Amino acid sequence: MPDKLVIVESPAKAKTIRKFLGKEFRVEASMGHVIDLPKSQLGVDIENNFKPKYITIRGKGKILNSLKKAAKKSKEVYLATDPDREGEAISWHLARALKLDTDKPCRIEFNEITKKAVQNAIKSPRVIDQHRVDAQQARRVLDRLVGYKLSPLLWNKVRKGLSAGRVQSVAVRIICDREREIEAFVPEEYWTIDAQLSDKNETFVARLYRIDNKKFKISNEKEAKEHETLLKKEKFIVEEVKEMERKRNPYPPFTTSSLQQAASNFLGFSTKKTMFVAQQLYEGLDLPQGTVGLITYIRTDSTRISDEAQVAARKYIEKKFGSKYLPEKKRYYRAREGAQDAHEAIRPTDVFLEPDSIQKYLTPDQYKLYKLIWERFVASQMSPAINKIFTIDIKAGKYLFRLTGTTTIFQGFQIIDSFGSKKKDQELPELKKGDILNLIKIIPEQHFTQPPARYTEASLVKTLEEKGIGRPSTYAPIVATIQQRGYVVKDGKTLKPTELGFIVTDLLTEHFPDVIDVEFTAMLEDQLDKVEDGSVDWVKVIKDFYKTFEQRLEQARKEMENVELESEVTDVICEKCGRNMVVKHGRYGKFLACPGYPECKNTQPYIIKTGVKCIECEDGELIERRTKKGRIFYGCSNYPECEFITWNKPVKEKCPECGAFLIEKQTKKNKYYQCVRKECGYKQKEGVKNDQD
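Residue numbering for the sequence shown is 49 to 741, as defined by my numbering.
The structure is reproduced here in structure tokens:
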């Protein structure tokens with residue numbers, strides 16, 4: 049019988065580690081947290097130094113009892129939860145529940161789930177880091193105090209069922225502030241002027257760069273026309289042809305934040321999906337050579353990599369591409385200011401395990417994300433790309449036009465980066481100083497300044513990181529929570545605050561300026577970091593926060609005005625009493641309810657109509673639906689009789705070729721429309737109207 053017990057969080061992790069250890073080891077999973085604060089009450093004794101009241105999580109009793117029995121039969125127990133604050137707290141709870149001697153080394157941690165890393169960890173257990181546990185306790189208590197004290201206030205003043213969170217509310221505020229910037233934005237008109245020119249061999253276009261050797265702004269059509277008139281009288285002469293070499297260095301390997309951003313930009317993954325798939329790669333997958341953890345720990349803000357991984361990467365690069373693709377010195381990347389730098393960057397555990405060699409053993413999503421991580425890591429250790437930059441300046445009286453182009457001299461790291469780093473060469477005409485060019489035409493073009501873009505999940509995570517809000521383990525939950533609570537909705541790929549989001553943000557900003565202040569929240573994160581390094585007592589952090597918070601809470605109870613959210617009235621008639629049904633918000637989103645409640649308790653699903661007729665049954669209308677995972681699609685209202693669906697948003701315009709409806713498509717830069725029938729193939733740019741309706 050095994051006499052050594054190893055406890056991890058997940059069954060997948062347990063399955064992988066089990067194969068790395070001998071018969072004397074038993075590996076069990078706690079299924080995450082087994083002990084936590086109660087859901088039904090505050091669970092914090094405010095009068096007794098904010099002592100948390102921990103209980104066994106409902107449904108985890110059997111798991112805990114099983115672990116207790118296994119621990120009693122074992123001579124040694126190793127707690128191998130994740131190597132972060134939360135993992136440390138889980139180990140601490142387990143140690144106390146299993147009655148382990150916490151003064152003795154029982155905690156093991158590893159940054160990657162490989163045989164070598166796990167076996168090395170077993171050889172060097174340590175005691176549980178109480179400072180790290182206290183930092184997690186402090187975060188948990190802070191979040192509980194804010195959530196369980198503010199939420200009832202919002203129920204009373206705004207609407208039942210609302211909730212507030214310490215960090216999530218700040219994220220909503222950031223999104224609301226951006227939306228107000230967009231609403232207040234006044235576009236400014238400006239014009240650019242291009243010159244279509246030719247020499248003996250080819251035609252090309254140059255852009256106006258300077259007037260009287262100064263920067264300029266052309267504000268209206270009248271000014272543009274005046275310049276156009278003057279330019280038509282000028283000779284266009286090549287004044288200077290310059291070329292210079294420029295090195296382009298690779299990006300550092302991924303942190304949690306940069307991985308979420310890249311997965312969103314290149315793969316279209318949500319932050320939640322990115323972390324879900326990354327967790328699978330980290331915990332281990334079955335390959336011909338056995339179960340292997342493919343990547344290192346996924347919650348990190350560090351760009352550091354181990355010497356061992358760096359040596360392996362250089363060996364791979366030299367073998368695969370040759371020594372010229374290796375930089376002379378090993379590459380090191382500076383950590384972001386404020387980064388904890390506790391773990392390595394996210395990298396493959398074995399650089400020689402190429403994505404294409406194991407593709408058939410991975411799901412499509414696993415393969416895409418592993419390829420993204422693997423390529424970024426390998427590229428980060430390679431030589432820079434070298435480009436030749438060409439600049440041609442063309443003089444026309446007081447006007448200076450410029451042409452720029454780029455040619456790749458040496459690909460460097462770009463030889464391996466298939467996710468957007470490669471750029472096509474921009475070749476220029478062969479001109480020399482003094483060449484006289486022919487003017488074909490002047491092209492003035494009107495533009496308007498654009499408002500700041502709405503946040504996407506990726507850009508919100510980037511902003512949270514830059515402002516010091518949250519930590520690597522919290523980015524994905526923050527983004528998911530603010531959408532689940534109905535404060536923010538996804539509009540395409542962008543995040544848009546709802547009316548409810550604005551109302552709650554404004555109330556909290558007025559009455560709890562500290563709680564929802566970006567800088568104050570970042571300062572609290574710094575305090576939690578100091579708790580972890582042992583320089584600040586966690587109870588003091590809570591006391592300092594709660595003193596002001598309690599005063600503001602009492603004041604808000606008296607002064608905060610009640611806000612009535614008017615229900616949205618629809619044209620759907622209640623079949624039981626004849627009233628117009630209204631939109632209500634429940635735990636699972638919107639639904640229709642009779643305003644006659646409680647006399648009439650009729651409800652119906654909330655249906656978003658598109659006004660577009662189904663092309664299959666020609667009787668039903670396409671309505672917005674969601675998959676179990678929340679992805680939007682459009683299906684016929686006559687389902688299940690008609691099973692027609694489309695993943696793209698339908699528009700009312702008809703295809704001029706076949707008469708079917710058009711669907712909305714989006715590239716990285718542009719939106720366009722095309723016929724829903726693939727065999728038709730009709731495409732139309734955004735804003736272009738056809739004659740049919």
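We put the CB at the ideal spot given by N, CA and C, even for glycine. Only a predicted model underlies this, so the values are computations on that prediction, with no experimental measurement involved.
In the structure shown, the three-state DSSP call for residue 391 is coil.
With contacts defined by Cβ atoms closer than 7 Å, residue 556 and residue 217 form a contacting pair. Cβ-Cβ separation between residue 526 and residue 512: approximately 7 Å, consistent with a contact (criterion under 8 Å). Here residue 516 is buried, its C-beta having at least 16 other C-beta atoms within 10 Å. The Cβ atoms of residue 658 and residue 698 lie closer than 7 Å to each other.
Judged by DSSP secondary structure, residue 53 falls within the beta strand (DSSP E) whose first and last residues are 52-56.
Shown here, residue 162 sits in coil according to DSSP, grouped into three states, outside any helix or strand. In this structure, residue 139 places its C-beta atom within 7 Å of the C-beta atom of residue 176. Inter-residue distance for residue 620 and residue 655 is about 10 Å (C-alpha atoms, whole angstroms). Under the Cβ criterion (8 Å, minimum of three pairs), the region 372-385 does not count as touching the region 91-108. Around the beta carbon of residue 409, a 10 Å sphere encloses fewer than 16 other beta carbons of the protein chains shown; the residue is thus reported as exposed. Here the C-alpha atom of residue 65 lies approximately 14 Å from the C-alpha atom of residue 335. Residue 351 and residue 361 have their C-alpha atoms roughly 15 Å apart. The C-alpha of residue 383 lies about 8 Å from the C-alpha of residue 349. Taken atom to atom, the span from the alpha-carbon of residue 510 to that of residue 528 is near 15 Å. For residue 383, the three-state secondary structure derived from DSSP is coil. Remark: fewer than three beta-carbon pairs, one from each stretch, lie closer than 8 Å, so the region 194-210 and the region 99-107 are not flagged as touching. With a contact defined as Cβ atoms closer than 8 Å, residue 188 and residue 69 miss out at about 32 Å. A Cβ-Cβ contact shorter than 7 Å links residue 461 with residue 298. Inclusion of residue 224 and residue 643 in the CB contact set at 7 Å is not warranted, their separation being larger than that value. Residue 260 and residue 282 have their C-alpha atoms spaced approximately 14 Å apart. When 343, 316, 690 are compared, the shortest CA-CA separation from residue 329 is found for 343. Its chain contains 78, 79, 82 as the residues whose beta carbon lies nearer than 7 Å to that of residue 111, once the 5 sequence neighbours on both sides are disregarded; these appear in chain order.
If you draw a straight line from the Cα of residue 327 to the Cα of residue 590, it comes to about 32 Å.
Going by C-alpha positions, residue 108 is about 59 Å away from residue 294.
With a 10 Å radius around the Cβ and a threshold of 16 neighbouring Cβ atoms, residue 233 comes out exposed. Residue burial annotation: residue 549 is buried, with at least 16 other C-beta atoms found within 10 angstroms of its C-beta. A Cβ-Cβ separation of about 7 Å places residue 237 in contact with residue 494 under the 8 Å criterion.
Pairing residue 87 with residue 155, the inter-Cα distance amounts to about 28 Å. Only residues of its own chain outside the window of five on either side were considered, and among them 127, 150, 154, 176 have a CB closer than 7 Å to the CB of residue 143, listed in chain order. Here residue 68 carries a coil assignment [DSSP, helix/strand/coil]. For a cut-off of 8 Å, the C-beta gap from residue 664 to residue 684 is around 7 Å, short enough to register as a contact. In the DSSP assignment, residue 428 falls outside any beta strand (DSSP E) and within the unbroken alpha helix (DSSP H) covering 412-428.
Taking the CA atoms as reference points, residue 502 sits about 20 Å from residue 564. Distances from the alpha-carbon of residue 166 to those of 703, 585, 331, 459 put 331 closest. For the pair of segments examined, the region 259-277 was found not to touch the region 414-426: the number of CB pairs separated by less than 8 Å stays below three.
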